[in-house]
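**Student:**
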Amino acid sequence: MNYSPRLALLLAPLLLVACGKKTPEPAPAPVVIAAPAATAPAVVAAPAGGATDPASMTAEQLEQAEKKERFEYGAMEDKHINDPRAQWATTATASSTYGDPKPDDNNRAGVAAIGPVDGKHWTNNNIEIGFDWIELGYAKPVSATEVRVVLNDGQGAESISKVELQDTEGKWTTVWSGLSDVKKDKRGSRTWFVRTFEKTPYKVKAVKYTIANNVERTHKYIDAAQLVGD
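Start counting the sequence shown at 245; every next residue gets the next number (the working numbering).
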């Protein structure tokens with residue numbers, strides 16, 4: 245059957261409806277669901293006055309804490325005093341002594357610093373002027389690794405500014421110098437100034453300590469000093 249072009253145009257929509265065909269619709273865009281933002285962990289502030297805060301401790305807790313500190317101090321001191329590798333000074337000379345004793349006065353040589361801890365101490369004559377020093381000799385020259393100075397009441401612990409070692413040939417070597425970081429040890433009646441270093445390739449027979457008087461404007465009390473090595 246032949247149709248005119250005009251009739252064909254009129255019949256085209258009807259034929260589409262009759263065939264059940266529809267003009268295709270565009271596919272819907274996919275829905276994107278954003279992931280929830282990460283929640284930062286909540287920070288809970290620590291309560292004021294923790295268990296170690298003296299303000300929150302009972303009288304009994306304070307007493308126990310003090311006993312614990314004393315025990316730790318005693319254990320540290322006992323370890324040093326009974327160290328089999330440590331020896332006490334047997335000779336001493338010093339730049340000055342409190343009271344400016346006569347040249348032949350043994351205390352001028354700093355003999356109070358000889359031997360083990362006994363409560364007696366060498367005291368320098370100057371409080372805030374210049375530098376003082378004390379030189380301590382030892383009976384057995386050793387390859388040293390450490391030196392220790394015992395200061396009564398901690399006076400002078402912050403003032404030690406240089407440590408020198410003397411070998412058996414008389415040569416001096418500085419193993420430490422600077423501003424001391426040792427503070428008064430309030431756990432006991434003495435403070436230990438300790439300096440550790442690499443084992444010396446030479447034998448050490450004496451140690452010299454220089455004191456910067458103006459760092460602590462008071463007399464310095466050196467009771468005893470150890471040389472550690474083998």
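By construction, the Cβ of each residue, glycine as well, lies at the ideal position given by its N, Cα and C atoms. Quantities reported herein were computed from a predicted structural model and do not represent experimental measurements.
Can you have a look at Asp322 and say buried or exposed, based on whether 16 or more other CB atoms are within 10 angstroms of its CB?
**Tutor:** Sequence index remark: in the sequence shown, residue 322 carries index 78 (1-based). Exposed, since its Cβ has fewer than 16 Cβ neighbours within 10 Å.
**Student:** For the putative contact between Gly400 and Ile325, defined by C-beta atoms under 8 Å, what is the C-beta separation to the nearest angstrom?
**Tutor:** Counting from one through the sequence shown, the residue named residue 400 turns up at place 156. Counting from one through the sequence shown, the residue named residue 325 turns up at place 81. Rounded, the Cβ-Cβ distance is 19 Å, inconsistent with contact.
**Student:** When we look at the beta-carbon of Glu413 and count the other beta-carbons within 10 Å, is it buried (16 or more) or exposed?
**Tutor:** Indexing the sequence shown from 1 puts residue 413 at position 169. Exposed, since its Cβ has fewer than 16 Cβ neighbours within 10 Å.
**Student:** Ignoring anything shorter than 3 residues or poking outside the segment 390-450, list the beta strand (DSSP E) runs there in chain order.
**Tutor:** Runs of the beta strand (DSSP E) inside the segment 390-450: 404-411, 416-421, 434-440.
**Student:** According to DSSP, which residues form a beta bridge with Ile371?
**Tutor:** Position 127 of the sequence shown, counting from 1, holds the residue named residue 371. Ile371 pairs with nothing; no bridge assigned.
**Student:** Span of the alpha helix (DSSP H) holding Ile466?
**Tutor:** Within the sequence shown, residue 466 is the residue found at index 222, counting from 1. Here Ile466 belongs to no alpha helix (DSSP H); instead the beta strand (DSSP E) covers 465-473.
**Student:** Do you know offhand how far Arg461's Cα is from Thr418's?
**Tutor:** The count along the sequence shown starts at 1 and reaches residue 461 at position 217. The count along the sequence shown starts at 1 and reaches residue 418 at position 174. When rounded, the distance between both Cα atoms is 25 Å.
**Student:** Spell out the partners DSSP gives Gln331 in its beta bridges.
**Tutor:** Within the sequence shown, the letter at position 87 stands for residue 331. DSSP lists Leu471 as partners of Gln331.
**Student:** Looking only at DSSP bridge pairs, what is Lys452 linked to?
**Tutor:** The residue you call residue 452 lines up with position 208 of the sequence shown. Per DSSP, Glu379, Glu408.
**Student:** Closer than 7 Å by C-beta to Ser339: which residues in its own chain qualify, once you throw out the five before and the five after it? Chain order, please.
**Tutor:** Numbered from 1 along the sequence shown, position 95 holds the residue referred to as residue 339. Closer than 7 Å at the Cβ level, and outside the excluded window around Ser339, lie Asp376, Trp377.
**Student:** Which residues in the same chain have their Cβ closer than 8 Å to the Cβ of Asp397, if we skip the five residues on either side of it in sequence?
**Tutor:** Counted from its first residue, the sequence shown places residue 397 at position 153. Lys428, Ser433, Arg434, Thr435, Tyr465, listed in sequence order.
**Student:** Is Val386 helix, strand or coil by DSSP?
**Tutor:** On the sequence shown, position 142 is the one that residue 386 refers to. In the structure shown, Val386 sits in a strand (DSSP, three-state: E or B).
**Student:** Have a look at the DSSP bridge pairing and note the partners of Thr337.
**Tutor:** Residue 337 sits at position 93 when you count from the first residue of the sequence shown. Answer is Glu379.
**Student:** So the candidates are Ala336, Ala383, Lys364, Glu307; which of them puts its Cα closest to the Cα of Ala330?
**Tutor:** Taking the sequence shown and counting its residues from 1, the one referred to as residue 330 is at position 86. Residue Ala383 is the option with its Cα nearest to Ala330.
**Student:** Could you check if Leu395 is buried or exposed, using at least 16 other CB atoms within 10 Å of its CB as the buried criterion?
**Tutor:** The residue you call residue 395 lines up with position 151 of the sequence shown. The residue is buried, with at least 16 neighbouring Cβ atoms inside 10 Å.
**Student:** Using the Cβ count rule (16 or more neighbours within 10 Å means buried), how would you classify Leu471?
**Tutor:** Here residue 471 refers to the residue found at position 227 of the sequence shown. Leu471 is buried by the Cβ-count criterion.
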